[in-house]
Amino acid sequence: MNFKKLGKTDLKVSTICLGTMTWGEQNNQKEAFEQMDYALESGVNFFDTAEIYPSPCFEKTYGSTEKIIGNWLKERK
């Protein structure tokens, strides 16, 4: 995996990013966990999120992406 320095920090992020746009709508939490596990095992440490994810944006799923990532981080301390 290739990494790039993030701005003026000492952080290095993978040049490949895992997109999370479908989590909570087209993909459930179990599938998202599997994708994050695989990405991390492959060296990916950069996950793309946005305030409008999942897309399409619905009130019932708004913020699901961040909740799923938070649950994954909590389980993998």
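Mapping the sequence shown onto full-length UniProt numbering, position 1 (from 1) lands on 1, and the numbers just tick up by one. No residue lacks a Cβ here, since even glycine has one placed at the ideal position from N, Cα and C.
With contacts defined by Cβ atoms closer than 8 Å, MET36 and LEU18 form a contacting pair. Contact between PRO54 and TRP23 holds: their C-beta atoms lie close to 6 Å from each other, under 8 Å. Bridge pairing for ASN27: TRP23 [DSSP].
Inter-residue distance for GLU75 and PHE33 is about 10 Å (C-alpha atoms, whole angstroms).
For THR61, the CB contacts under 7 Å within the same chain, skipping 5 residues up- and downstream, are GLY24, GLU25 and PRO54 in chain order. In the DSSP annotation of this structure, SER14 is not part of any alpha helix (DSSP H); the continuous beta strand (DSSP E) holding it starts and ends at 12-14. Here ASP48 is bridged, per DSSP, to GLY19.
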